[in-house]
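Trainee:
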Amino acid sequence: MATPARRPGGGEKRPRRFSLRGSAFHFHGVSPAVRSELTALLVACEGEVYRPEAVDAAANVFVLTDYWTDWALPPATRPLIPATPFWLREMLRLQRWLRPDAHAFFQLPPASEQRIQFPMTFQDYEADERDADGDVSMATAPAKRWRLRLPWSSRFRFYQEVPFWPYFAAYLSQPMRDVHELTRVLNLYVPFDTAQLYVCRYGASMITLTDPRRRLNCLEYAVIEVTRRLMDLTRQWLLLTPEEQTAFFRDVLPEMARLVLAMPLMFAAAPWLLTPLEGDNVVVESAASGDEQQTSAAAAAGSTTGKTRVETQRCRFTKLETLALVCGCFFGIFPEQDIVKSAPSELNPQRKTGRRGNTDDVVQFPFFTAVRMLSAPAGTGRLVVLKGQKLRCLLQYFLRVVPRAIADPAALSAEVIDFTRVGVHVPHAPDAKTEPQELLQLLAMAPDPVETAAGETQGETPTPPSMPLMCPARCVSDALIEELDQHLQIDFANKFAGGGVLNAGCVQEEIRFLLSPELLVACLVFAKLEPHEAFVIHGTERYCGYEGYGGSFAFAGDFEDTTRLARLSDGALRRECVIVGIDATDYGSARVERQYSRGHVWRDLLKAYAGFAYPEAEAGGRCWPVATGNWGCGVFQGDRELKFLIQWLAASLRRREMVYVLFERDLDLQTKVDPLLALATSAKAREWDEQSAGLSRWLVRFLFGELSGMRGGESVLTRAFRSLERALAAHCQQQKGEAQQEAKPQAESVGEPQQASPSPKSPSRMEPPPPPSPPGLDESVATRVGLEKKPKELQQKTMQDYFASK
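In my numbering, the protein residues as written are 1 to 806.
(1) Beta-carbon separation of Phe513 and Arg598 under 7 Å?
(2) Please name the residue or residues paired with Gln313 in a DSSP beta bridge.
(3) Does DSSP classify Arg603 as helix, strand or coil?
(4) Where does Val30 sit, in a helix, a strand or coil, going by DSSP?
(5) Which residues mark the beginning and the end of the alpha helix (DSSP H) in which Glu547 is found?
(6) For Arg258, which of helix, strand or coil comes out of DSSP?
(7) Name the one or two DSSP bridge partners that Ile537 has.
(8) My output table needs one value for Met658: the three-state DSSP class, helix, strand or coil.
(9) Kindly list the residues whose CB is nearer than 7 Å to the CB of Gly504, restricted to its own chain and excluding five residues on each side of it in sequence; keep chain order.
(10) If we count the other Cβ atoms within 10 Å of its Cβ and call it buried at 16 or more, is Cys732 buried or exposed?
(11) Going by CA-CA distance only, name the one from Ala556, Glu576 and Thr562 that's closest to Gly539.
(12) Is there contact here, the segment 615 to 629 with the segment 718 to 733, by at least three beta-carbon pairs under 8 Å?
(13) Where do the N-terminal and C-terminal ends of the beta strand (DSSP E) with Pro82 fall, by residue?
(14) Between the segment 467 to 480 and the segment 664 to 679, are three or more C-beta pairs nearer than 8 Å?
(15) Rounded to whole angstroms, what's the CA-CA distance from Pro151 to Val592? Just pull it up for me.
(16) Going straight from the alpha carbon of Ser345 to that of Arg157, what length do you get?
(17) Could you pull the DSSP bridge partners for Ile406 from this structure?
(18) Go through its chain and collect everything with a Cβ distance to Gln389's Cβ below 7 Å, but skip five positions before and after it.
(19) Please name the residue or residues paired with Phe25 in a DSSP beta bridge.
(20) Go through its chain and collect everything with a Cβ distance to Val426's Cβ below 6 Å, but skip five positions before and after it.
(21) Can you pull the DSSP bridge partners for Asp558?
(22) Is it buried or exposed for Asp338, if we count other Cβ within 10 angstroms and need 16 for buried?
(23) Using the three-state DSSP reduction, which class does Arg147 fall into: helix, strand or coil?
(24) Measuring only the C-alpha atoms, how far is Met176 from Ser23?
(25) Would you decide whether Gly694 is buried or exposed? Buried here means 16 or more other CB atoms lie within 10 Å of its CB.
(26) Quick one: what's got a C-beta closer than 8 Å to Ser723's C-beta in the same chain, skipping five residues either side?
(27) Provide the residue span of the beta strand (DSSP E) that contains Ala566, from first to last.
(28) Compare the beta carbon distance of Val635 and Arg656 with 7 Å and say whether it is the shorter of the two.
(29) How should Phe663 be labelled, buried or exposed, when 16 other C-beta atoms within 10 angstroms of its C-beta is the threshold for buried?
(30) Do the CB positions of Leu20 and Leu216 come within less than 7 Å of each other?
(31) For Glu725, which option in Val402, Gly47, Glu509 and Thr681 has the closest C-alpha, if you only look at C-alpha atoms?
(32) Around the Cβ of Arg93, are there at least 16 other Cβ atoms within 10 angstroms (buried) or fewer (exposed)?
(33) Can you look up Phe492 in the DSSP assignment and give me helix, strand or coil?
(34) Quick check on Pro366: does DSSP put it in helix, strand or coil?
(35) Considering Arg697, what are the terminal residues of the alpha helix (DSSP H) in which it resides?
(36) DSSP three-state call for Glu530: helix, strand or coil?
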């Protein structure tokens with residue numbers, strides 16, 4: 001700490017008092033209350049209010065102008081310097097002089113010829129059950145609900161004072177005729193010596209918070225660089241052709257900015273956020289009228305009667321609204337949506353700004369800004385290429401959809417996309433003493449929320465769930481998940497929807513979001529998933545092809561999506577593409593063996609069940625199949641064979657077939673799956689399943705009983721095959737014994753002597769002869785150590801090898 005300066009006579013030098021002497025201040029567009037407050041502050045610091053008639057007027061006249069006011073100043077006899085009230089407050093707080101041009105928020109928003117559009121009656125964080133314009137609706141919602149924080153909200157302010165929206169509108173009205181002008185607009189930030197004091201407390205991805213010294217090198221790569229495709233390294237390709245560059249900067253980019261500026265009129269009320277389903281008070285949509293109604297009593301009844309409930313909440317956007325939201329993501333103007341439940345988050349100045357903490361009191365959301373994709377640190381050439389390729393997919397979406405918005409906005413407004421959060425609530429959590437058959441009964445086709453509400457409204461007694469039969473399953477290696485129409489396309493998701501799609505991530509989930517950038521809105525509306533939840537997005541379109549996987553990912557041209565458009569009961573159109581996000585557990589390092597325990601098997605079964613329970617994926621009364629694959633079997637080190645069985649059981653519980661997509665290096669898995677499926681579809685197995693749901697009972701008993709107690713070198717599917725053989729043998733022996741028992745009284749009634757036959761043993765005590773090895777299984781594979789850690793080179797790289805040249 002510096003020693004205080006001393007006067008020549010030996011006394012301490014008093015600190016100089018901050019003074020505004022010699023400066024005059026005029027107010028323009030400032031409310032009377034703020035004007036009175038600021039006048040008292042500046043007079044206390046020896047400042048004065050400007051009076052044109054004063055003879056000894058101050059040399060410097062600063063015009064404090066409101067942020068929302070047109071700041072064209074009238075003619076004056078002396079220079080007038082425009083500034084903001086925030087500038088004056090910061091000088092008084094720091095007790096030192098600051099230049100009006102030292103920070104972006106000390107200056108007024110740049111002048112623009114374009115008007116700022118804002119509704120006269122914007123509903124800011126209201127608790128209405130429906131939005132006023134009716135464009136955004138929910139099927140169900142939790143009792144405590146929150147709305148989106150929108151960039152034009154009057155509550156979205158820097159340091160709770162400076163509104164962001166006038167600056168956003170001014171910046172987006174600036175010319176952006178090439179990549180350099182676009183970079184300048186995105187880097188509108190003036191360096192300030194105390195810049196660390198001006199970190200936005202709302203964690204916003206502010207346009208002006210990027211470093212102007214950092215090139216947006218990934219954006220430049222996506223727009224102007226020459227690249228080579230993986231499939232043809234001898235030819236060079238422009239990621240964006242000259243014609244596409246011209247169209248983007250001349251037509252597309254200005255329309256993107258216009259759409260963002262029109263959002264306050266597009267969303268007259270803030271849409272709902274899709275937060276965790278707590279299962280206490282739910283609102284369901286009546287199947288008859290479509291009106292929302294409270295069903296907390298029904299929910300409580302479900303808990304007391306031991307019924308499992310499937311609950312949903314939905315947010316619907318038109319294709320035009322979705323485009324506007326994705327444009328806002330590109331420009332990085334949306335605030336974070338994290339919610340502090342202990343206090344109203346929009347009013348709490350101590351709102352959480354850290355990311356991914358384990359605070360139970362905070363509802364966390366993904367990032368919804370593309371700013372992190374625009375640049376990469378120097379010396380990371382491969383990362384620049386990867387992010388550039390990802391940005392090129394996003395630009396393809398804009399090049400395709402924005403011209404449609406210009407030519408025919410009504411057509412885009414007629415098509416809708418549904419974002420649905422699905423939760424499964426069981427009446428009680430299973431423990432180590434819960435019998436496998438009780439677990440099966442808990443999930444035996446829980447009723448859908450719409451069916452439950454309709455039945456209770458009409459006073460009908462719900463029918464008890466029937467024990468499920470195992471549905472068909474098959475492996476395919478000639479198609480990708482995203483290519484299977486009228487299937488539930490499973491997204492091996494992160495807890496936060498989208499994962500690292502808006503940064504450097506580029507595996508299965510991120511690639512799926514890049515092919516259909518409308519999925520990015522999921523990052524805005526879905527809170528972090530709970531263990532019993534999944535998210536579903538219905539109606540998106542695919543716009544580009546791709547090559548490679550992970551670090552080798554590359555844009556591969558335009559893609560024409562031919563998925564059918566279905567007309568809904570309200571007349572809207574919705575594309576028949578359903579993407580289901582289910583997150584896996586990380587079993588990396590020394591925790592691999594945990595996945596075989598009852599608790600972890602139950603968690604994965606409940607998670608898959610929630611994803612497969614989406615009620616609207618059907619055609620002609622037939623549920624769509626599930627298109628899935630090695631869920632969580634890459635860097636998370638999940639067991640492929642265990643995940644196959646869990647997903648097969650979950651799909652059967654929801655009465656859906658399962659299509660398991662394999663890649664070239666996964667074909668060894670098919671050699672183990674095929675014998676099990678052949679045995680499960682044999683005549684004896686089908687008869688057993690139809691009589692008593694024998695296959696589903698066996699699989700539950702295997703997953704929650706035999707598997708958790710097994711130790712040894714055999715793989716999961718090999719064990720399952722042998723277990724099913726023993727179960728079928730026991731069933732056949734039991735049938736034979738029952739037939740003999742039935743034949744004995746008949747023989748005695750006709751006087752024929754019969755010798756007593758030994759009574760059959762119970763199935764649990766059966767000891768049939770050892771079965772032969774499963775056909776088609778290689779002995780070296782069958783005896784490998786099933787629980788050992790998989791080497792890293794086998795993690796999450798199947799698609800890269802699939803696309804690599806032989």
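From the three backbone atoms N, C-alpha and C, an ideal C-beta is built for every residue, glycine too.
Owing to the predicted nature of the structure, the values given are computational and were not obtained by experimental measurement.
Mentor: In short, the structure shows the following:
(1) Contact: no.
(2) Under DSSP, the beta-bridge partners assigned to Gln313 are Arg421.
(3) In this structure, Arg603 counts as helix in the three-state DSSP scheme.
(4) Three-state DSSP puts Val30 in coil, outside helix and strand.
(5) That residue, Glu547, is in no alpha helix (DSSP H); its beta strand (DSSP E) goes Cys544 to Glu547.
(6) For Arg258, the three-state secondary structure derived from DSSP is helix.
(7) DSSP output for Ile537 lists Phe419 and Ile579 as bridge partner(s).
(8) The answer is strand: DSSP assigns Met658 an E or B state.
(9) Here residue 504 turns out to be Ala, not Gly, going by the sequence shown. Excluding sequence neighbours, Ala504 sits near Leu383, Leu386 and Lys387.
(10) With fewer than 16 other Cβ atoms within 10 Å, it is exposed.
(11) Comparing Cα positions, the closest option is Glu576.
(12) The segment 615 to 629 vs the segment 718 to 733: no contact.
(13) Start and end: Leu80 to Ala83.
(14) Flag = yes, the segment 467 to 480 and the segment 664 to 679 touch.
(15) One C-alpha to the other measures close to 44 Å.
(16) For Ser345, the pLDDT reaches just 42, beneath the cut-off of 50, and the residue's location in the model is therefore unreliable, leaving the point undetermined.
(17) Paired residue(s): none; Ile406 is not in a bridge.
(18) Non-local C-beta neighbours of Gln389 in its own chain, meaning closer than 7 Å and more than five positions away in sequence, comprise Phe553, Ala554 and Phe555, ordered along the chain.
(19) For Phe25, which the question treats as bridged, DSSP gives the partners Val49 and Phe62.
(20) Thr308 and Leu442.
(21) Under DSSP, Asp558 takes part in a beta bridge, and its partners are Cys544.
(22) Result: buried.
(23) Here Arg147 sits in strand by DSSP.
(24) Near 38 Å, if we compare the C-alpha coordinates of Ser23 and Met176.
(25) Buried: at least 16 other Cβ atoms inside 10 Å.
(26) Sequence-distant Cβ neighbours of Ser723 in its own chain, meaning closer than 8 Å and more than five residues away, are Trp698, Phe702 and Glu706.
(27) Start and end: Leu565 to Arg567.
(28) Judged by their CB atoms, Val635 and Arg656 are not nearer to each other than the 7 Å cut-off.
(29) Counting Cβ neighbours within 10 Å, Phe663 comes out buried, since at least 16 surround it.
(30) It is not a contact, given that the beta carbons lie outside the stated cut-off.
(31) That would be Thr681, whose Cα lies nearest to the Cα of Glu725.
(32) Classification of Arg93: exposed, given that the 10 Å Cβ count is below 16.
(33) Here Phe492 sits in strand by DSSP.
(34) Three-state DSSP puts Pro366 in coil, outside helix and strand.
(35) First-last of the alpha helix (DSSP H) with Arg697: Gly694 to Arg701.
(36) Coil at Glu530, not helix or strand.
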